[in-house]
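*Asks:*
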Amino acid sequence: MKPKTKLQMEIVNGSRKLAPVSEAQKRYAYKHCFVHYFKRDAKGNCFCLDCGHTWRDKEDKKNCKCPHCGMNLKLENSRKRTAIYKEYFCVITTYKQYQVIRFFMVDCRLKKGSPANYFIIEAVQCWMNKEGKTETLSLLRGMSIFYYDAWIYGSSLELRKRNVHHDRIYDICPAVIYPRMKVIPELTRNGFKGVFYDICPSSFFMTLLTDNRMEILYKAGQMNLFLRFLERKYGMDKYWTYVKICLRHDYVIHDADLWLDYVDMLIENKLDARNPHYLCPLNVEEAHDWVMGKCKKKYSEKDEKDYIAAKSRFFNLSFADGNIMVRVLESLSDFYKEGKLLHHCVFSNAYYKREDSLIMSATVDGRRMETVEFSLSRMEVCQCRGKSNQLSAYHDRILNLVRDNIPLIRERMVV
Numbered sequence: 006m007k008p009k010t011k012l013q014m015e016i017v018n019g020s021r022k023l024a025p026v027s028e029a030q031k032r033y034a035y036k037h038c039f040v041h042y043f044k045r046d047a048k049g050n051c052f053c054l055d056c057g058h059t060w061r062d063k064e065d066k067k068n069c070k071c072p073h074c075g076m077n078l079k080l081e082n083s084r085k086r087t088a089i090y091k092e093y094f095c096v097i098t099t100y101k102q103y104q105v106i107r108f109f110m111v112d113c114r115l116k117k118g119s120p121a122n123y124f125i126i127e128a129v130q131c132w133m134n135k136e137g138k139t140e141t142l143s144l145l146r147g148m149s150i151f152y153y154d155a156w157i158y159g160s161s162l163e164l165r166k167r168n169v170h171h172d173r174i175y176d177i178c179p180a181v182i183y184p185r186m187k188v189i190p191e192l193t194r195n196g197f198k199g200v201f202y203d204i205c206p207s208s209f210f211m212t213l214l215t216d217n218r219m220e221i222l223y224k225a226g227q228m229n230l231f232l233r234f235l236e237r238k239y240g241m242d243k244y245w246t247y248v249k250i251c252l253r254h255d256y257v258i259h260d261a262d263l264w265l266d267y268v269d270m271l272i273e274n275k276l277d278a279r280n281p282h283y284l285c286p287l288n289v290e291e292a293h294d295w296v297m298g299k300c301k302k303k304y305s306e307k308d309e310k311d312y313i314a315a316k317s318r319f320f321n322l323s324f325a326d327g328n329i330m331v332r333v334l335e336s337l338s339d340f341y342k343e344g345k346l347l348h349h350c351v352f353s354n355a356y357y358k359r360e361d362s363l364i365m366s367a368t369v370d371g372r373r374m375e376t377v378e379f380s381l382s383r384m385e386v387c388q389c390r391g392k393s394n395q396l397s398a399y400h401d402r403i404l405n406l407v408r409d410n411i412p413l414i415r416e417r418m419v420v
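Add 5 to the 1-based position in the sequence shown for the numbering used here, that's all there is to it.
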């Protein structure tokens, strides 16, 4: 795309003047972007896949240090002689009055008995001014049904259009961010302290520069609430009045989803949700359980019909991994049983009315273990809670099972 506005012309000219990635930055990326491996054969011969050195060690170690290059290594058990890994590396810098976020694709090719071969190329540049207006430059992408970041390495960085469909392409969460960062004064003024909390740097910076309410949460140390609204911005207008009361009373919210559910139930039960006595409990879990006990919610036939009309395309959808099974809740009586057995508010807080949410039950050997809320618009897990809103021992396996089967959910969207 050709630059048309004054801002775009300044950014394109500035991009040409940026320094290439330095040798120090390359070394940092090669060292920290990947797990470094070694192989061991049956005779006790060890092969460093980083420098290619070979030595003998008959001890059955899962981790060791290469005697030649000194790299900390992890045992690779597969019989593959070659492997290819790719990760993103990020450098955060400034150019004049602009904040620049540079994303590099790092390519690592391993072969048993040979030194690792590394390659790095700049794939995306995100430029933003102090008002948070953003322009993106990137390489061309190849047409692929499997990968949206199949960069054409022979192309050049050019201006690209950004919209809802392209955000996931350019809002990259890198494996490693180079620790020496330069930021514009406006970000320092707005409270940035050099930590991204596993959030995409471009989204993080844009939020701090454009949303004063998020800036307030960040400066007040309400990180759990900040991260929740950063990932899922809906509800900010609804809850902001109650958040301000918490800020005035120096009340820190440590579990945003639980607290927001608690506020919903206070409103549902016509309790004084603006009273700090209710709004700022010493133990939010106990307060949540107490107000949930006051919810004697009943559902009507209309609620049942509305739920079936909205979610029937997902009925009979289930997936399993060994003794773990995840299935969609198919009736409001299922919601009632789920909430009663796991002692949480999936029924009393009317999760069945949430248009964007698909609610699923995870069982282990037939026992209800956790309830999963899945966002249909973002195709990701919103929350996954077990008994009394705690995490079960199977939490990670349940999350991975749901994420692995997102294509099955997406198929039902078009039915």
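Beta carbons: idealized from backbone N, C-alpha and C, even for Gly.
Source: prediction; values computed, not measured.
1) So residue 353 and residue 309 are supposed to be a Cβ contact under 8 Å. How far apart are they, rounded?
2) So, with DSSP's three-state summary, where would you put residue 244?
3) Whole angstroms are fine: how far does the CA of residue 88 sit from the CA of residue 20?
4) Cβ of residue 175 within 7 Å of Cβ of residue 141?
5) For the region 114-127 against the region 195-205, do three or more pairs of beta-carbon atoms, one drawn from each stretch, fall closer than 8 Å, so that the two count as touching?
6) Is the region 320-338 close to the region 244-251, with three or more CB pairs under 8 Å?
7) Is any beta-carbon of chain C found at less than 7 Å from that of residue 182?
8) If you run the structure through DSSP and keep just helix, strand and coil, what is residue 166?
9) If distances are taken between C-alpha atoms only, which option among 144, 76 and 15 comes closest to residue 160?
10) With a floor of 3 residues, list each beta strand (DSSP E) that falls wholly inside the region 308-359, ordered by position along the chain.
11) Just verifying my parser: in three-state terms, what is the DSSP assignment at residue 401?
12) Please state if the CB of residue 390 and the CB of residue 349 are separated by a distance shorter than 7 Å.
13) Quick one: grab the DSSP three-state call for residue 255.
14) Roughly how many whole angstroms lie between the Cα atoms of residue 236 and residue 31?
15) Output yes or no for whether 7 Å exceeds the beta carbon distance between residue 132 and residue 93.
16) Please list, in chain order, all residues of the same chain as residue 73 whose beta carbon is under 7 Å from its beta carbon, the five residues on each side excluded.
17) Contact check, residue 285 vs residue 251 under 8 Å by CB: the rounded distance?
18) Is the distance from the Cβ of residue 3 to the Cβ of residue 106 below 7 Å?
19) Tell me whether residue 289 sits in a helix, a strand or coil according to DSSP, three-state version.
20) Between the C-alpha atoms of residue 218 and residue 50, what's the straight-line distance to the nearest angstrom?
*Replies:* Concretely, from the data shown:
1) Contact flag wrong, Cβ pair sits at about 16 Å.
2) helix
3) 34 Å
4) yes
5) no
6) no
7) Looking at the structure shown, chain C is missing, and only one protein chain is on hand.
8) coil
9) 144
10) 323-326 and 329-333
11) helix
12) yes
13) coil
14) 31 Å
15) no
16) 53, 56 and 58
17) 6 Å
18) Because residue 3 is not part of the residues shown, which for the chain are 6 to 420, the question remains open.
19) helix
20) 59 Å
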